[in-house]
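Enquirer: My numbering puts the sequence shown at residues 3 to 259.
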Amino acid sequence: MPFRVAEEVGGKALGAIRGLGRTGVFLAAAVRNAVVPPYRGRDILKQIHFIGVKSLFVIVLTAAFTGMVLALQGYYTLRKFGSEGLLGAAVALSLIRELGPVLTALMVTGRAGSALAAEIGIMRIGEQIDSLETMGIDPVRFLVAPRLVAALVSIPLLTAIFDVVGIYGGYLVGVKLLGLDAGQYFGHMKTSVELADVVNGVWKSFAFSLLIIWVCTFKGFFTERGAEGVSRATTSAVVISSVLVLIGDYILTSVLL
3 MPFRVAEEVG GKALGAIRGL GRTGVFLAAA VRNAVVPPYR GRDILKQIHF
53 IGVKSLFVIV LTAAFTGMVL ALQGYYTLRK FGSEGLLGAA VALSLIRELG
103 PVLTALMVTG RAGSALAAEI GIMRIGEQID SLETMGIDPV RFLVAPRLVA
153 ALVSIPLLTA IFDVVGIYGG YLVGVKLLGL DAGQYFGHMK TSVELADVVN
203 GVWKSFAFSL LIIWVCTFKG FFTERGAEGV SRATTSAVVI SSVLVLIGDY
253 ILTSVLL
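Rendered as structure tokens:
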């Protein structure tokens with residue numbers, strides 16, 4: 003009995019290690035194919051449109067209301083200490099350092115990441131990926147590399163848009179609704195936000211871009227057969243990507259502080 007338990011535990015441990023190794027090899031192949039020519043420019047532009055442009059509406063909407071809620075809550079919190087003039091700095095720093103990169107990544111995961119996992123998963127069960135391999139075409143270069151490059155271009159830009167729209171949403175609530183002076187709102191923001199804060203947000207957006215495409219394309223690429231397999235792969239891709247974004251945010255915040 004003890005030997006059987008040890009065998010089962012060891013088998014699961016080895017399976018987990020093999021899975022981690024396979025994900026690492028997959029990521030290395032995707033990065034290598036993304037940086038080594040020839041480049042698939044048309045496919046990259048198509049994926050930029052899919053990941054970036056088509057996510058723009060949900061990003062702008064989420065950013066506007068995030069900034070408005072931050073300003074509303076922040077104003078009444080800061081007023082208790084007589085520091086409501088610092089509202090602009092609080093909104094900007096919260097968005098640039100944390101909420102902008104994280105919420106953008108989560109929104110892109112829900113809208114584009116799930117679709118990428120499902121699309122590649124359908125190609126797998128439809129044997130299109132097997133056909134590419136039969137024809138001598140590297141499916142990672144053909145399917146994953148353009149999406150990786152597109153995400154590395156699109157998600158940081160979406161994050162920047164999120165930050166700007168969120169700050170303006172905070173301005174609408176703080177200045178137009180609650181009567182805070184516009185000079186105070188932007189003046190404290192200018193003196194409080196440093197280049198390092200912006201750089202940290204940019205690094206996070208790049209890291210989250212890599213995480214999202216890595217997980218979502220991997221889950222789709224190695225999906226199980228059948229419609230149920232695609233469904234499980236899509237759900238797993240969204241959940242794992244979202245959790246890794248939150249974990250990665252904590253780790254990067256600890257490192258970049």
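Built from N, CA and C at the ideal position, the CB exists for glycine as well. Computed from a predicted structure; not experimentally measured.
So, for residue 109: in the same chain, excluding its five sequence neighbours on each side, which residues have a beta-carbon less than 7 Å away from its beta-carbon?
Expert: Taking the first residue of the sequence shown as 1, we reach residue 109 at position 107. Same-chain partners within the cutoff: 57, 60, 61 and 64.
Enquirer: Would you mind working out which of 111, 220, 193 and 52 sits nearest residue 95, comparing C-alpha positions?
Expert: Counting from 1 along the sequence shown, the entry for residue 95 is found at position 93. Considering only alpha carbons, the answer is 193.
Enquirer: Kindly confirm or deny that the stretch 205-212 and the stretch 150-158 touch, where touching means at least three C-beta pairs closer than 8 Å.
Expert: Verdict: yes, contact present.
Enquirer: Hey, is the stretch 102-119 in contact with the stretch 171-186, meaning 3+ C-beta pairs nearer than 8 Å?
Expert: Output reads no: the stretch 171-186 does not touch the stretch 102-119.
Enquirer: Distance check for residue 71 and residue 82, CA to CA, integer angstroms please.
Expert: Taking the sequence shown and counting its residues from 1, the one referred to as residue 82 is at position 80. Taking the sequence shown and counting its residues from 1, the one referred to as residue 71 is at position 69. Between residue 82 and residue 71, the C-alpha separation is close to 17 Å.
Enquirer: Which first and last residues belong to the alpha helix (DSSP H) in which residue 149 is found?
Expert: As a working note, residue 149 is residue 147 in the sequence shown. Its alpha helix (DSSP H) spans residues 147-173.
Enquirer: Can you tell which of 86, 28, 162 and 76 has the C-alpha that lies nearest to the C-alpha of residue 142?
Expert: The count along the sequence shown starts at 1 and reaches residue 142 at position 140. For residue 142, the nearest C-alpha among the options comes from 28.
Enquirer: Within 10 angstroms of its Cβ, does residue 149 collect 16 or more other Cβ (buried), or is it exposed?
Expert: Position 147 of the sequence shown holds residue 149. Buried, since its Cβ has 16 or more Cβ neighbours within 10 Å.
Enquirer: Report the rounded CA-to-CA distance for residue 167 versus residue 97, giving the unit in angstroms.
Expert: As a working note, residue 167 is residue 165 in the sequence shown. As a working note, residue 97 is residue 95 in the sequence shown. Their Cα atoms are separated by approximately 10 Å.
Enquirer: At least one CB of chain B closer than 8 Å to the CB of residue 71: is that the case?
Expert: Note that chain B does not occur in the displayed structure, where there is just one protein chain.
Enquirer: Taking just the CA atoms, how far does residue 213 sit from residue 246?
Expert: Start at 1 with the first residue of the sequence shown, and residue 246 comes out as number 244. Start at 1 with the first residue of the sequence shown, and residue 213 comes out as number 211. Approximately 7 Å between the Cα atoms of the pair.
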